[in-house]
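Numbering (the numbering used here), first residue to last: 141 to 523. Where is the CB? At the ideal position from N, CA and C, for every residue including glycine. First the structure, in the form of structure tokens, and then the observations on it.
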Amino acid sequence: MAANNSCAEEEPEVTGGSGEEEEALEAHVRRLLLAHRSAFAESCKDEGFGRDGRRKRRRVLKRPFEVLEMAYQAASQIMVALLVPKVHPVVPALSRCLLRRDYPEVLACPCLAVFVSGLHAKLALDTANLCGFIPFRWVEPRPPRRELLHPLSPRGLELNLVGSVAGVCIGKALVALRRGLRCAAEALIGKLPASTRQGAAVILHLTASGVLAPMVVGGLTASLREAQLRGRPLLPVVAVRFLSWVSTGLAELLSAAQTRALADALEYVGLGHVSCGGAGQLLEVPWWDGVEEDSVPRDLICPITGGVFVRPVALHGMVFEESAARRWVEASGRHPVLQGVWCHVGELQPARDIEALCRQLASERGWVLQPVCHSAFPFLSRG
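Shown next, in the form of structure tokens:
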């Protein structure tokens, strides 16, 4: 980009000292930032954007009915628990009471049965919700009709497919966990009474479904938003986010050098970013130690972290710290500063001219780079 090469044309001395030198430094920083804004404005001319990054014609992003999605996730996980490894007695009783027919005691493929029947049921429920049937119209919060994802659209079908697979896989994993905990308990304290086993199983599955269902729906909603912003199918986006989540979890178990090697490898093949802290609890924000902020131009301070840039990136013509901007965009899908502007992590562009200037300042003023993990910022949570 032209903005990244502008610092090579004329780079004044940035040593601290007189007021004239500070004014020259501030003027140089403003020129660099103006170059980034100009480059973004040029790139937007043919893409339907205004100079502020907003689309000239408002874009409506579709989203699922999250309450229905969470109920479906929880139901899928609980149904797997009731059918694996054998059918729970409550299922035949309900079948005889409601359907007036017997239910087999053992299913050949219980997970497949839950998956297929769940897809059909979810499609019917989504259609009824789209039409505004009772009781769906009474449930809040409910997205406006124009924002509801159509169940028969390609992304609507992909969302139902991924959601059904997630519900079945999580339910199967919880069944394996339940059996493992049961074996461990019996090995330690002997055979447990049937009432104790059943009570513990009910508590485990209800608690797990209540905790995991919102997490799954939140991830699917974020993936759907990113797929629409990038103009891609939903399945590849979900796969990339899942692999990034797994790699971030692995980073907790590896040394710092191994974590950095893993992050570099994933970024090289385009599978995302690894931040320390696992499933989004910590955020790696490197910072300069020894900075006297009064002597640093305000334009070199990230509006999210409040620190001098270390690895700056440009987003819609504005510059932010890379790790903080990435977390913000991944969590909300919106620009950190511009109101109502949707964006995705693929739009983050390295601001190498700003980075070179900050590193030159650090070298001349004796700043020391401190790459540490801070708690994630409270305003980076989903909203």
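Assigned exposure category for residue i - 16 Cβ within 10 Å defines buried
{"i": "Ser-435", "result": "exposed"}
{"i": "Gln-217", "result": "buried"}
{"i": "Leu-223", "result": "buried"}
{"i": "Ala-167", "result": "exposed"}
{"i": "Val-485", "result": "buried"}
{"i": "Glu-461", "result": "buried"}
{"i": "Phe-180", "result": "buried"}
{"i": "His-345", "result": "buried"}
{"i": "Ala-306", "result": "buried"}
Straight-line gap, residue i to residue j (C-alpha atoms, nearest Å)
{"i": "Val-431", "j": "Ala-211", "result": "51 Å"}
{"i": "Pro-437", "j": "Arg-370", "result": "35 Å"}
{"i": "Trp-278", "j": "Leu-299", "result": "23 Å"}
{"i": "Pro-232", "j": "Glu-245", "result": "8 Å"}
{"i": "Ser-304", "j": "Arg-492", "result": "44 Å"}
{"i": "Leu-201", "j": "Arg-365", "result": "7 Å"}
{"i": "Arg-191", "j": "Glu-162", "result": "Any reading at Arg-191 needs caution, since the residue's pLDDT is 46, under 50, leaving its predicted position unreliable; the model's value is listed next. Using only the alpha carbons, I get a separation of about 30 Å."}
{"i": "Gly-350", "j": "Ile-343", "result": "11 Å"}
{"i": "Glu-182", "j": "Arg-505", "result": "36 Å"}
{"i": "His-475", "j": "Ala-221", "result": "41 Å"}
{"i": "Glu-470", "j": "Gly-339", "result": "39 Å"}
{"i": "Val-414", "j": "Trp-385", "result": "Note that Val-414 scores a pLDDT of 46, beneath 50, so its modelled location is shaky; the value from the coordinates is reported in the next line. Using only the alpha carbons, I get a separation of about 8 Å."}
{"i": "Pro-284", "j": "Leu-374", "result": "22 Å"}
{"i": "Arg-322", "j": "Gly-311", "result": "16 Å"}
{"i": "Leu-390", "j": "Val-302", "result": "23 Å"}
{"i": "Arg-318", "j": "Ser-387", "result": "26 Å"}
{"i": "Ser-463", "j": "Ala-164", "result": "29 Å"}
{"i": "Ala-348", "j": "Val-356", "result": "12 Å"}
{"i": "Arg-466", "j": "Val-378", "result": "17 Å"}
{"i": "Leu-173", "j": "Asp-439", "result": "8 Å"}
{"i": "Arg-195", "j": "Ala-367", "result": "Note that Arg-195 scores a pLDDT of 48, beneath 50, so its modelled location is shaky; the value from the coordinates is reported in the next line. The straight-line gap from Cα to Cα measures roughly 17 Å."}
{"i": "Leu-263", "j": "Gly-272", "result": "14 Å"}
According to DSSP, residues forming a beta bridge with residue i
{"i": "Ile-441", "result": "Val-448"}
{"i": "Trp-278", "result": "Trp-278 pairs with nothing; no bridge assigned."}
{"i": "Pro-490", "result": "Val-453"}
{"i": "Leu-288", "result": "Arg-203"}
{"i": "Pro-474", "result": "It should be pointed out that residue 474 corresponds to Arg in this sequence rather than to Pro. Bridge partners of Arg-474: Trp-482."}
{"i": "Gln-510", "result": "Trp-427"}
{"i": "Phe-460", "result": "Val-453"}
Presumed contact (8 Å Cβ cut-off) between residue i and residue j, rounded CB distance
{"i": "Val-537", "j": "Cys-498", "result": "Outside the shown range of the chain, which is 141 to 523, sits residue 537, and nothing can be said about it."}
{"i": "Gln-489", "j": "Val-453", "result": "6 Å"}
{"i": "Leu-270", "j": "Leu-288", "result": "6 Å"}
{"i": "Gly-359", "j": "Arg-381", "result": "7 Å"}
{"i": "Gln-213", "j": "Ala-353", "result": "4 Å"}
{"i": "Pro-204", "j": "Thr-361", "result": "6 Å"}
{"i": "Trp-428", "j": "Ala-502", "result": "6 Å"}
{"i": "Val-481", "j": "His-176", "result": "About 16 Å separates the two Cβ atoms, so there is no contact after all."}
{"i": "Val-455", "j": "Glu-495", "result": "The sequence shown places Leu at residue 455, rather than the Val named in the question. Not quite, the Cβ-Cβ distance comes to about 15 Å (not below 8 Å), so this is no contact."}
{"i": "Val-308", "j": "Cys-249", "result": "In fact, because the Cβ distance is near 11 Å, the residues do not count as touching under 8 Å."}
{"i": "Ala-268", "j": "Phe-276", "result": "6 Å"}
Would the region 320-332 and the region 236-253 be scored as touching if the rule is three or more Cβ pairs under 8 Å?
Inter-segment contact for the region 320-332 and the region 236-253 is absent: fewer than three beta-carbon pairs are separated by less than 8 Å.
Evaluate contact between the region 243-258 and the region 223-230, counting only Cβ atoms and requiring at least three cross-stretch pairs below 8 Å.
Yes: at least three Cβ pairs fall under 8 Å.
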